[in-house]
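Read left to right, the sequence shown gives residues 0 to 144 (numbering that gives the first Met the number 0).
Data first, discussion second: the structure below is written as structure tokens.
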Amino acid sequence: MKTFKVIGLLALVFLAGFAGGVVATRIVVRQMVAYAIAHPAGAGGKAEVTLDHKLRLTKEQREQIHEILKDSRDRLRVVREEYQPQFNAIVLEARTNITALLKPDQQQRFEQFLVDNRQFLPLRELPPLKKNQPGSAGGVEADIK
């Protein structure tokens, strides 16, 4: 009987450690994704450093790659600005249609589900422009509902 208690305790400790690791990993990954969405240029800077380190770039290559990535980020921002409102409209329509099918108590649980699972049908705002970019509004944080 004593052996079963020891085995049970070890199994419980193992499962608790596993569950804690899963929760911690999810939290870290969500924070990283939210940061990458809110700061797209920050991810580009890391890419430049990684490329420089892995490829052992010359100074001229670093400068050219910097300009290429900067241009790509600027062009991607234009695309996001154009299509993000359409994306949000589709997500909002899906949420509205789902809510319309549900009973009042289910609607409350669905709203809580959306709060708990922010990646499910998220509404997002564009990240703020950097201060040196023309038309910079600043101060708008990514809203991941």
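Where is the CB? At the ideal position from N, CA and C, for every residue including glycine.
- Here DSSP, grouped into helix, strand and coil, assigns K102 to coil.
- With a beta-carbon spacing of about 11 Å, T98 and F112 fall beyond the 8 Å limit used to define contacts.
- About 12 Å separates the Cβ atoms of I67 and L56, ruling out a contact at the 8 Å cut-off.
- The alpha-carbon separation between A10 and G19 amounts to approximately 14 Å.
- DSSP, reduced to helix, strand and coil, places P84 within a helical segment of the structure shown.
- R79 and K69 have their C-alpha atoms spaced approximately 15 Å apart.
- Collapsing the DSSP output to three states places L120 in coil.
- Put simply, the backbone Cα of I6 is about 12 Å away from that of L14.
- Taking 9 Å as the cut-off, the beta carbon of N96 is found no closer than this to the beta carbon of R123.
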